[in-house]
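Structure first, commentary second.
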Amino acid sequence: MSSVKDWAAPNPITENRGGLIGKGVDRYEGRLKVTGSAPYAYEVDAPSRPAIGYMATAAIAKGRIARIDTKAAEASPGVLLVWSHLNAPAQAPRGTRANPRSQRPSNPVLASDRIENFGQTVAFVVADTFENARAAANLVEIEYAAEPGVVDFVASLDQADQPPGEEDVHIGDFPAAYAAAPVSVDETYESPIQNHVQMEPCATTAWWDGDKVTVHTSIQMVKGGQHALAETLAIPSADVHLLTRYIGGGFGGKGQAYDDLILAALGARALGRPVKLAYTRQQMFHGTIHRPAVSMRVRLGAQPDGRLTAFAVEATTHCARNAIFTEHAANFSRNLYAAPNRLTGHRLVKMDLPGAGPMRAPGEAPGMLSLECAMDELAEKLGLDPIELRIRNEPEVDPETGKPFSVRQLVRCMREGAAHFGWERRKAQPRQVRDGRWLVGMGMAAAIRGNFLLPAKAGVRIDADGIITLRQGMTDIGTGTYTILAQIAAETMGVPMEQVKVEMGDSDFPPAPGSGGQFGAATAGSAAYDAGMNLRKALTELAVGDPNSPLYGGPAEYVTFENGNIAIENRSETLAALVARAAPEGVYVEGSISPAADARDYSQHTYGAHFAEVGVDVVTGEVRMRKMFGVFAAGRILNAKTAKSQITGGMIWGVGAALTESNVVDPRYGSFINQDMAGYLVPAHADIVDLDAVFLDEADDKANPMGIKGVGELGICGAGAAVANAIYNATGVRLRDYPMTPEKVLAGMLAVGL
Ligand code: MOS
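Okay, here's the thing in structure tokens:
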């Protein structure tokens, strides 16, 4: 096991002689995507003509199927197969883990007459065409015996319990310190159910070859999907070949396997031919996970100089009865501001809704919508600038654990952001700036998101033509993983990008944990770097041991890799020449990464500061973004273009969270009333007028050998709060119920006499 000290030594990535690290390299797979020739899971060519599946789904929140009649569906044109719980193939009972190393347990489909949520799959049809499958699925007759379900979060808050295995964190004496604090805030903030709304729905193309199944599916975790399918079908994992080459958005919503994977595989086996199955947009809302609603009470007690003496953040959230998940919306607050007396914790309501689960920056994304507004409210009470309040509560060490920070540039993010944004233009008093019918205001918020490194492997080979191929069971969910892995491999080997190929999304490749938790770049990238270093070692031995190499007999420690050459001072040859001569079959090595033994001795996070300027229409209450800007510190940046795209994409989600995004539950059926992109509003280009972000120079040598961290989730953290604070600054209306729709803003303005 390594130590973080070993990571601090200079290496080809930190030296960056080829200049590829940090460069805004174009997307590796960009041409394929923009020309429509990157095959997504549903588009993959099957070995023979595929049949098409379609799911029928439950119309109640809870109960059972009293009667199901599939006769009309079976007789419908082109139908090849109709399954319900009465005749579906046997699968392992839910939660089975026959292979103890499986990363996911079984999750059978059509396993019983029980209905656990609206949109649960209740029948499956396969036909010759999509239209015939869908038409037949609509002919399945079902009578339900409905039971009362819990589907109203706000009405169920009193049923909240401690999440299993968790305790609140008490430090010092919060109640006493809060009672004694001369200035305080005690407010509760509500954020609603939100949805990932990935462009590409979950989809699978499956076929069998004897006992082995090949599945092309849209999933963030290769091994997770492989194991989930193997466990559910009760077959060895080695008999599942899972591929996920291109993914049209994941955001956490594709971190697990869904019914498309199981049913496509079962259908293909039963019919002896390939089967394709995709979720409809409406099914995506109900048949996959969403971000749960969160109700957060924040209590802050401060001294007149702004120092926090009492700090409490308590989050209540919900999940499905049989799929326990806690949105850890208070966790981030444990690392953000100093305060000697602290209370943080979570409560969970079990509901009869579709499953709640991770969505981009789970925890921080809804959590920061509360504390970062409460800090704004406190700053106003204290008569302090919100940035100054945060600076006065900047901790020296992690405020909960006392661990040192690996690197923390939050204050610099706020200061540089303020200067760049023109924060000095902000009026401390709200409702001071008017531009025609618009009230104009500014708000800011801090951003924090954890940094993680997971164990991963990578394989790299060089062939006689000099082409270096990196292989990893990693995924690219649209973030730029192909590109940054190509940059890392090229820079490590000292070759141009054109000499590198990246292949991933295949369960046969050395495993990486996939895309999630903004750990992908650091985790997969560090394994790729290690594989590259091992290849350098192998090629060095090859060269200095080969009498025909100009490097023959040279000291291995002086070997360099640059411009496609291997060299010792002025003795050099191309990698292609070396391999073609000395190892014409090519050279393949593997590498790996795992967290350093002492990595957790440091409090490791990524940070940022958001700045928003809004205009609020005094007549309609409509909020328009005028400007949004952020400064972020997230370790060494691998690719200026893809990193900025991730960060600004996150910021745009923050605008959605603040202004438009919400899934509204229909209390009669436990369904989401808005279940498509017309009803679930995400910001579009016209909503985002002036948006920019910059990164501070940073390298975190406690994070991994490359000093990089993740940026996929940081951008959304705090962004919505900056918008909410700007609305307050514009109007004097303090809303604490997201999203801040024109109706709510208008009602607020009327209430304050505007
Ligand atoms: Mo994520 S929301 O951990 O893919």
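My numbering numbers the first residue of the sequence shown as 1031 and each following residue consecutively.
Yeah, the Cβ is synthetic: ideal placement off N, Cα and C, and Gly gets one too.
**Request:** Provide the residue span of the alpha helix (DSSP H) that contains Ile-1043, from first to last.
**Result:** Start at 1 with the first residue of the sequence shown, and residue 1043 comes out as number 13. It spans 1042 to 1045 - the alpha helix (DSSP H) in which Ile-1043 sits, taken as one unbroken run.
Tell me whether Pro-1541 sits in a helix, a strand or coil according to DSSP, three-state version. As a first step, residue 1541 is located in the sequence shown; it is residue number 511 there, counting from the start. DSSP, reduced to helix, strand and coil, places Pro-1541 within a strand of the structure shown.
- Task: Could you check how far apart the C-beta atoms of Gly-1255 and Thr-1247 are, in whole angstroms? I think they sit under 8 Å.
- Result: Stepping through the sequence shown from its first residue, residue 1255 is reached at position 225. Stepping through the sequence shown from its first residue, residue 1247 is reached at position 217. In this structure Gly-1255 touches Thr-1247 by the C-beta definition: roughly 6 Å separates them, less than 8 Å.
8 Å is my cut-off, CB to CB: does His-1376 come that close to chain D? Any reference to chain D falls outside this structure, which holds one protein chain only.
Check your understanding: Lys-1017: buried (16+ other C-beta within 10 angstroms of its C-beta) or exposed?
Key -> Since the displayed the chain opens at 1031 and closes at 1784, residue 1017 lies outside it and no answer follows.
For Asn-1564, is the classification buried or exposed, using 16 other Cβ atoms within 10 angstroms of its Cβ as the cut-off for buried? Here residue 1564 refers to the residue found at position 534 when the sequence shown is read from its first residue. Buried: at least 16 other Cβ atoms inside 10 Å.
Please return the same chain residues whose Cβ sits closer than 8 Å to the Cβ of Thr-1159, not counting the five positions on each side in sequence. For the purposes of this step, residue 1159 is taken as the residue at position 129 of the sequence shown. Sequence-distant partners of Thr-1159 (beyond 5 residues in either direction) whose C-beta falls short of 8 Å from its own C-beta, in its chain, are Ile-1082 and Gly-1108.
Worksheet item: According to the neighbour-count rule (16 or more other Cβ atoms, all chains shown, within 10 Å of its Cβ), is Leu-1780 buried or exposed?
Response: By one-based count along the sequence shown, residue 1780 stands at place 750. That one is exposed.
State the beta-bridge partners of Arg-1321 as determined by DSSP. In the sequence shown, the residue the question calls residue 1321 occupies position 291. Looking at the DSSP assignment, Arg-1321 forms a beta bridge with Gln-1224.
Tell me which same chain residues have a C-beta within less than 6 Å of the C-beta of Gln-1548, skipping the five on either side of it?
-> To locate residue 1548, count along the sequence shown from 1; it is residue 518. Closer than 6 Å at Cβ, skipping near neighbours: Gly-1740, Gly-1742 and Glu-1743.
| said: Taking 6 Å as the limit between beta carbons, can you name the residues of its chain near Glu-1173, skipping five residues before and five after? | reply: Your numbering for residue 1173 matches position 143 in the sequence shown. Same-chain partners within the cutoff: Ala-1096 and Arg-1097.
Beta-carbon proximity check, Pro-1222 vs Asn-1693, cutoff 8 Å: Taking the first residue of the sequence shown as 1, we reach residue 1222 at position 192. Taking the first residue of the sequence shown as 1, we reach residue 1693 at position 663. Going by C-beta atoms, Pro-1222 is nearer than 8 Å to Asn-1693.
**Asked** Do the CB positions of His-1316 and Phe-1702 come within less than 8 Å of each other?
**Response** In the sequence shown, the residue the question calls residue 1316 occupies position 286. In the sequence shown, the residue the question calls residue 1702 occupies position 672. Cβ distance < 8 Å, so His-1316 and Phe-1702 count as in contact.
I'd like to confirm something about Gly-1048: is its beta-carbon nearer than 7 Å to some heavy atom of ligand 1, or not?
Reading the sequence shown from its first residue, position 18 is the one you call residue 1048. No, Cβ of Gly-1048 sits at least 7 Å from all heavy atoms of ligand 1.
What residue does the alpha helix (DSSP H) around Ile-1623 start on, and which one ends it? Mapped onto the sequence shown, residue 1623 falls at position 593. Judged by DSSP secondary structure, Ile-1623 falls outside any alpha helix (DSSP H) and instead within the beta strand (DSSP E) spanning 1617 to 1623.
Report task. Specify, as a first and last residue, the run of the beta strand (DSSP E) that Glu-1533 falls within. Result -> For this step, residue 1533 is matched to residue 503 along the sequence shown. Per DSSP, the unbroken beta strand (DSSP E) holding Glu-1533 starts and ends at 1530 to 1534.
#### Entry: Cβ neighbours of Val-1437 in the same chain (closer than 7 Å, five flanking residues each side left out)
As a position in the sequence shown, residue 1437 is number 407, starting the count at 1. So the qualifying residues of the chain are Glu-1728 and Asp-1730.
I need the boundaries of the beta strand (DSSP E) containing Asp-1239, first residue and last residue.
In the sequence shown, counting from the first residue as 1, residue 1239 sits at position 209. Bounds of the beta strand (DSSP E) holding Asp-1239 are 1233 to 1239.
**Asked** Can you give the Cα-Cα distance for Gln-1224 and Leu-1062, rounded to whole angstroms?
**Response** Position 194 of the sequence shown holds residue 1224. Position 32 of the sequence shown holds residue 1062. The alpha-carbon of Gln-1224 is positioned some 31 Å away from that of Leu-1062.
Q.
Between the alpha carbons of Gly-1660 and Thr-1522, how many angstroms are there, rounded?
A. By 1-based counting over the sequence shown, the position of residue 1660 is 630. By 1-based counting over the sequence shown, the position of residue 1522 is 492. It is roughly 31 Å from the alpha-carbon of Gly-1660 to the alpha-carbon of Thr-1522.
query: Between Ala-1088 and Gly-1179, is the Cβ-Cβ spacing less than 8 Å?
result: Counted from its first residue, the sequence shown places residue 1088 at position 58. Counted from its first residue, the sequence shown places residue 1179 at position 149. No, they are not a contact pair.
With 16 other Cβ atoms within 10 Å as the buried cut-off, status of Asn-1371
Taking the first residue of the sequence shown as position 1, residue 1371 is located at position 341. Counting Cβ neighbours within 10 Å, Asn-1371 comes out buried, since at least 16 surround it.
| query | So who's on the other strand from Tyr-1174, going by DSSP bridges? | reply | Sequence index remark: in the sequence shown, residue 1174 carries index 144 (1-based). Note: Tyr-1174 sits in a beta bridge opposite Ile-1095.
*Pull up the distance between the alpha-carbon of Leu-1273 and that of Gly-1535, whole angstroms please.*
Here residue 1273 corresponds to residue number 243 of the sequence shown, with the count starting at 1. Here residue 1535 corresponds to residue number 505 of the sequence shown, with the count starting at 1. In a straight line, the C-alpha of Leu-1273 is about 5 Å away from that of Gly-1535.
Query raised in the report: Out of curiosity, what's the CA-to-CA distance linking Glu-1454 and Ile-1757?
Result: Here residue 1454 is taken as the residue at index 424 of the sequence shown, counted from 1. Here residue 1757 is taken as the residue at index 727 of the sequence shown, counted from 1. Straight across, the Cα-Cα distance linking Glu-1454 with Ile-1757 is about 17 Å.
- Task: Report yes if the C-beta distance between Ala-1163 and Val-1155 is below 8 Å; otherwise report no.
- Result: On the sequence shown, residue 1163 is found 133 positions in, with the first residue counted as 1. On the sequence shown, residue 1155 is found 125 positions in, with the first residue counted as 1. Yes, Cβ-Cβ distance for Ala-1163 and Val-1155 is below 8 Å.
Taking contact to mean at least 3 C-beta pairs separated by less than 8 Å, is the segment 1319 to 1332 in contact with the segment 1209 to 1223? Result yes; three or more Cβ-Cβ pairs closer than 8 Å.
Minimum C-alpha distance to Asp-1008 - residue among Tyr-1070, Pro-1384, Tyr-1208 and Ala-1190
Any answer about residue 1008 is impossible in this case: the structure gives the chain only from 1031 up to 1784.
In terms of DSSP beta bridges, what is Arg-1654 paired with? Residue 1654 sits at position 624 when you count from the first residue of the sequence shown. Beta-bridge partners of Arg-1654 (DSSP): Gly-1645.
Legend entry - Beta-carbon contacts of Pro-1194 that lie in its chain and below 7 Å, excluding the five residues immediately before and after: Translated into positions along the sequence shown, residue 1194 becomes position 164. Ile-1354, listed in sequence order.
_For Gly-1783 and Ala-1639, which I take to be in contact (beta-carbon distance under 8 Å), what is that distance rounded to the nearest angstrom?_
For this step, residue 1783 is matched to residue 753 along the sequence shown. For this step, residue 1639 is matched to residue 609 along the sequence shown. With a beta-carbon spacing of about 33 Å, Gly-1783 and Ala-1639 fall beyond the 8 Å limit used to define contacts.
**Report entry** Where Ala-1714 falls, given that 16 or more other Cβ within 10 Å makes a residue buried
**Finding:** On the sequence shown, position 684 is the one that residue 1714 refers to. It counts as exposed.
Considering Cα atoms alone, identify which of Leu-1608, Pro-1396, Gly-1748 and Asp-1198 is closest to Arg-1566. Looking up residue 1566 in the sequence shown gives position 536. Cα-wise, what sits closest to Arg-1566 is Leu-1608.
Practice prompt. Express the C-alpha separation of His-1320 and Gly-1093 in angstroms, rounding to a whole number.
Written response: Looking up residue 1093 in the sequence shown gives position 63. Looking up residue 1320 in the sequence shown gives position 290. In this structure, the alpha-carbon of Gly-1093 lies about 22 Å from that of His-1320.
Task: Rounded C-alpha distance that separates Asn-1423 from Pro-1334 - done: Numbered from 1 along the sequence shown, position 393 holds the residue referred to as residue 1423. Numbered from 1 along the sequence shown, position 304 holds the residue referred to as residue 1334. Distance between the alpha carbons of Asn-1423 and Pro-1334: 13 Å.
Q.
Is Arg-1275 close to ligand 1? I mean its beta-carbon at under 7 Å from any heavy atom of the ligand.
A. Looking up residue 1275 in the sequence shown gives position 245. Every heavy atom of ligand 1 is 7 Å or more from the Cβ of Arg-1275, so no.
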